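Only one structure is covered here, and it is reproduced in the block below.
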Amino acid sequence: MYRYTEFDKAFVQQRVDEFRDQTERFLAGRLDPDEYKQLRLRNGVYEQRHAHMLRVAIPYGTLSSEQLRTLGDIAEQFDRGFGHFTTRQNIQYNWPELADIPDILQKLADVEMHAIQTSGNVVRNTTTDPLAGATQDEIDDPRPWCELIRQWSTLHPEFNWLPRKFKIAVTGAESDRAAVQVHDIGLRLRRNDADETGFEVLVGGGLGRTPFIGSVIREFLPAADLLTYLNAILRVYNLEGRRDNLYKARIKILVSSMGIDAFRERVEADWEASRQTDDSFTEADINALRAQFPPAPWLGGDAQDKPDQVFSNPLFNQWYRTNTRAHRDPGRRIVYLSLKSQTLPAGDATAAQMRAIADLADTFSLGEIRSTHEQNLVFAHVPVDALHALWKALQALELATPNIGRLSDMIVCPGLDFCSLANAGTLTIYDQIYARFDAIDYQHELGEISIKISGCMNACGHHHVGDIGILGVEKNGEEWYQLTLGGHAGDAAALGKRLGKAIPKHGVAAAIGKILDTFVALREPQETFNQAVGRLGVAPFKETVYAAAA
Amino acid sequence: MPLLRNGQLAEQNPWVRVDDETGLPLADTTRLPVVSLQRFLDGMREHRRDVAGVSLAPDDDVTALAPWLDQLQLICIEIPVFTDGRGYSHARLLRERLGYVGEIRATGDVRPDQILHMARVGIDAFEFADEPDSELLTRILGRYRAFYQPSYPLAIAG
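Here the protein sequences line up with chains A and B, keeping their order.
Here the first sequence stands for residues 23 to 572, where the numbers follow my numbering.
Here the second sequence stands for residues 1334 to 1491, where the numbers follow my numbering.
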């Protein structure tokens, strides 16, 4: 994975010093609070319901074991002993003291980490496929490109005061595991007929109050033009994006109001005029970055990994089927670590777990850990003959719940318990649903299904793109929940359709139960929930959920 | 108003922002007028050659100034609120796209912690509302040895 150059190390150190200076001035009353707020956001510091929240960047979801150990130490020393992995592959701490944050940032800098631009109206963490470099369906490894974008966007002086936040995602595989269609800019690595590398460029996707699927601005952008083209898109957005209304300020609104053709014209005109002078990169630059992401040493061997293999231990078999994926090297397997047990809030890990995961990464996965936007972790390179030993170790740590892609693998935003923006609690809904449907065999029967829960319209829980989306709303001072059906984040991206009236808090799990009963009753053999909703529409589900009570 | 120009706090400032109604030329001949872009383009056909200072609002089209950049000595970038980043693109376009070499001055809600980014997009003068701490300005401008975007260098000293 990427290791800092002397330049990177000096830069991150200077950033820590800068924020320490700003924080001292603020606490001494020498910096206006409104201004400090903007400066601290650009260092990942939020003011939340009960405390400050610090969002640490995990660039494109990649961590070394040393870095994860440090995240565990920070959780223990400065927080209440745990951290939360987010839907943008970052990690959040909910309880640090503001005065301690410069010290936390120093600890992070010491292991080549930072919290730069994880909030504020700037370009945020560029996210990607957590299976990059390991998956069989890879066209080109997206991570070197993500690192290039990270550097280009870090303290970019022209784009520090955008109309609103800006999120970029990159996928390099046939199958999109980075949700590129619902990002401000989505990039899909491609090869053209001449076998040259380039990008399909999407703009104007996003969730939140007004969700959009992204539009194609360029079907094939030659790779060498990536940075200058991004620069042009950002410049047009900076100049033309709305600044009069916070809820209409994302690029998706601009693209929608201009229309994609007019928007494209504007961007291409700016690009033509500035592509010679704006920052770019050479073949040598990208190759130097590629060299930082070498493939895992090849193990090969006669594939012990046969698709229809059934292991004698049914629990191991279940975990293998659900929580592991094929690796391009038949001697290795990709392993998901489920952070969706019933013991902790979804996506959380304790300091002890983090340290243990770091040690396991050293033993089993070349010292590397990935975070996913679905709030789980990944060991990308596990040797096949070590799987059983790893499974036992993960079981002991409660990280082996065999539910990846299943009902209880829900995406959940922090909600009313933590977030000052929330209208309703989400963690209790997770608990409610989990408790009701925890029978693992039933979950496997249902197959692949995603429940995504957001506590407000900002949609940090991605409810628009869940098979079942749950949106917390406030009604008469109470917590109610709006359900949507048929959303999807991957290749056939789609926004969920509203099921009906909001449901009171105590009724959510029962409503989910009715939806699932309807699915089981009407499904065709091998049909997934997503396919069933596509075929049947929302009507039959609406009928059972809202049928007059007997 | 306190003015930082090329890293130095400057005393002399002959320029005065003139609103669209005020008659030109100015009675005080030691003062140089700065007019809005709108007035410069539309209302001054006969006297355009006499004006060397223009002020850009955030929603102005900076490229409209292209034919007259040779005669302009001062372009002000209005920052109504420090979170409005449009002026940064204006300055960048003036320097890189249009090749303007005169003074670009940030006016309005200009605060010390923003001048580093401003300087890197080509703004070389800053009009502050209040007297800034010069030691703070030096510290801010000298904080980083180098940046990730070589086409946006820090052109003024701390």
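Built from N, CA and C at the ideal position, the CB exists for glycine as well.
Values in this document were obtained by computation on a predicted structure and should not be read as measured data.
Interface partners of residue i on chain A, CB under 9 Å
{"i": "phenylalanine 1459/B", "result": "The contacting residues do not exist; phenylalanine 1459/B stays about 14 Å from chain A at best."}
{"i": "valine 1349/B", "result": "Those do not exist, as valine 1349/B stays about 27 Å from chain A at its closest Cβ, beyond 9 Å."}
{"i": "valine 1511/B", "result": "A question about residue 1511/B goes unanswered here, because the residues of chain B that appear run from 1334 up to 1491."}
Buried/exposed call for residue i, threshold 16 Cβ in 10 Å
{"i": "phenylalanine 29/A", "result": "exposed"}
{"i": "glycine 1356/B", "result": "exposed"}
{"i": "glutamate 565/A", "result": "exposed"}
{"i": "serine 1388/B", "result": "buried"}
{"i": "aspartate 370/A", "result": "buried"}
{"i": "tyrosine 1485/B", "result": "buried"}
{"i": "tryptophan 12/A", "result": "Only positions 23 to 572 of chain A appear in this structure, which leaves residue 12/A out of reach."}
{"i": "valine 1434/B", "result": "exposed"}
{"i": "alanine 572/A", "result": "Unreliable placement is indicated for alanine 572/A, whose pLDDT of 45 sits below 50; no coordinate value is reported for it."}
{"i": "alanine 554/A", "result": "buried"}
{"i": "alanine 1479/B", "result": "exposed"}
{"i": "tryptophan 1348/B", "result": "buried"}
{"i": "lysine 187/A", "result": "buried"}
{"i": "glycine 105/A", "result": "buried"}
{"i": "glutamate 241/A", "result": "exposed"}
{"i": "glycine 508/A", "result": "buried"}
{"i": "alanine 271/A", "result": "buried"}
In DSSP terms, what residue i is bridged to
{"i": "valine 258/A", "result": "Its beta-bridge partners do not exist; DSSP assigns none."}
{"i": "serine 482/A", "result": "Here residue 482/A turns out to be cysteine, not serine, going by the sequence shown. BP columns for cysteine 482/A are empty, so no partner."}
{"i": "arginine 392/A", "result": "Thr84/A, Val400/A"}
{"i": "lysine 519/A", "result": "Leu507/A"}
{"i": "glutamine 114/A", "result": "Arg77/A, His106/A"}
{"i": "glutamine 1341/B", "result": "Arg1338/B"}
{"i": "serine 1369/B", "result": "Ser1388/B"}
{"i": "leucine 1405/B", "result": "DSSP lists no partner for leucine 1405/B."}
{"i": "proline 166/A", "result": "According to DSSP, which records beta bridges pairwise, proline 166/A is partnered with nothing at all."}
{"i": "isoleucine 1410/B", "result": "Leu1389/B, Ala1439/B"}
{"i": "lysine 497/A", "result": "Glu500/A"}
{"i": "glutamate 160/A", "result": "Ala195/A"}
{"i": "proline 1445/B", "result": "Proline 1445/B is not bridged to any residue."}
{"i": "valine 145/A", "result": "Phe188/A"}
{"i": "arginine 1350/B", "result": "Val1367/B"}
Interface residues of chain B facing residue i [CB-CB closer than 9 Å]
{"i": "glutamine 44/A", "result": "Asp1446"}
{"i": "phenylalanine 29/A", "result": "Arg1478, Ala1479, Tyr1481"}
{"i": "glutamine 70/A", "result": "Correct list: empty, because the minimum Cβ distance to chain B is about 21 Å."}
{"i": "tryptophan 174/A", "result": "Tyr1481, Gln1482"}
{"i": "arginine 165/A", "result": "The contacting residues do not exist; arginine 165/A stays about 17 Å from chain B at best."}
Amino acids of chain A, ordered along the chain, whose beta-carbon sits closer than 8 Å to that of residue i
{"i": "serine 1484/B", "result": "Thr299, Asp300, Asp301"}
{"i": "threonine 1416/B", "result": "Gln60, Asn143, Trp183"}
Assumed close pair residue i, residue j - CB separation to whole angstroms, cut-off 8 Å
{"i": "leucine 1405/B", "j": "alanine 1452/B", "result": "Their Cβ separation, rounded to whole angstroms, is 20 Å, which puts leucine 1405/B and alanine 1452/B out of contact at 8 Å."}
{"i": "isoleucine 451/A", "j": "isoleucine 475/A", "result": "6 Å"}
{"i": "valine 204/A", "j": "alanine 515/A", "result": "6 Å"}
{"i": "threonine 448/A", "j": "serine 363/A", "result": "Contact flag wrong, Cβ pair sits at about 17 Å."}
{"i": "asparagine 425/A", "j": "aspartate 489/A", "result": "Not quite, the Cβ-Cβ distance comes to about 14 Å (not below 8 Å), so this is no contact."}
{"i": "tyrosine 68/A", "j": "methionine 75/A", "result": "4 Å"}
{"i": "glycine 66/A", "j": "threonine 140/A", "result": "4 Å"}
{"i": "glutamine 111/A", "j": "threonine 394/A", "result": "7 Å"}
{"i": "glutamate 57/A", "j": "arginine 1444/B", "result": "6 Å"}
{"i": "isoleucine 1437/B", "j": "aspartate 1457/B", "result": "6 Å"}
Contact list for residue i against chain B, beta-carbon separation under 7 Å
{"i": "phenylalanine 188/A", "result": "Correct list: empty, because the minimum Cβ distance to chain B is about 12 Å."}
{"i": "glutamate 585/A", "result": "For chain A, the structure presents residues 23 to 572; residue 585/A sits outside this window and is missing."}
{"i": "serine 296/A", "result": "Glu1429, Arg1430"}
{"i": "threonine 219/A", "result": "Per Cβ cutoff of 7 Å: no residues; threonine 219/A is ~23 Å from chain B at best."}
{"i": "alanine 32/A", "result": "Arg1478"}
{"i": "arginine 257/A", "result": "Ser1422"}
{"i": "arginine 265/A", "result": "Asp1417"}
Where residue i meets chain A, residues with beta-carbon distance less than 7 Å
{"i": "histidine 1450/B", "result": "Pro179, Asn182"}
{"i": "arginine 1425/B", "result": "Glu180"}
{"i": "arginine 1453/B", "result": "Pro179"}
Partners in chain B for residue i, counting only beta-carbon separations shorter than 8 Å
{"i": "asparagine 260/A", "result": "Gly1418, Arg1419, Tyr1421, Ser1422"}
{"i": "glutamine 36/A", "result": "Arg1476, Tyr1477, Arg1478"}
{"i": "glutamate 57/A", "result": "Phe1415, Arg1444, Asp1446"}
Quiz item: Counting only runs that start and end within the segment 32-107 of chain A, where is the alpha helix (DSSP H) found for 4 or more residues in a row?
Solution: Within the segment 32-107 of chain A, the complete alpha helix (DSSP H) segments at least 4 residues long are 55-63, 87-100, listed from N- to C-terminus.
Practice problem: Identify every run of the beta strand (DSSP E) within the segment 171-239 of chain A, keeping only runs that are complete inside it and at least 3 residues long; order them along the chain. | Solution: Taken in chain order, the unbroken stretches of beta strand (DSSP E) that lie wholly in the segment 171-239 of chain A and span 3 residues or more are 190-193, 207-213, 219-225.
Exercise. Return the chain-ordered ranges of every alpha helix (DSSP H) run that is complete within the segment 401-462 of chain A and spans a minimum of 4 residues.
Key: Runs found: 409-418, 449-458.
Self-check item: 3-residue-minimum beta strand (DSSP E) runs that sit fully inside the segment 317-369 of chain A, ordered along the chain
Solution: With a minimum length of 3 residues, the continuous beta strand (DSSP E) runs that stay inside the segment 317-369 of chain A are 346-348, 354-359.
Quiz prompt | Start-end ranges of the alpha helix (DSSP H) lying completely within the segment 513-559 of chain A, minimum 4 residues | solution = Taking 4 residues as the minimum length, the alpha helix (DSSP H) runs contained wholly in the segment 513-559 of chain A are 530-544, 551-558, in order along the chain.
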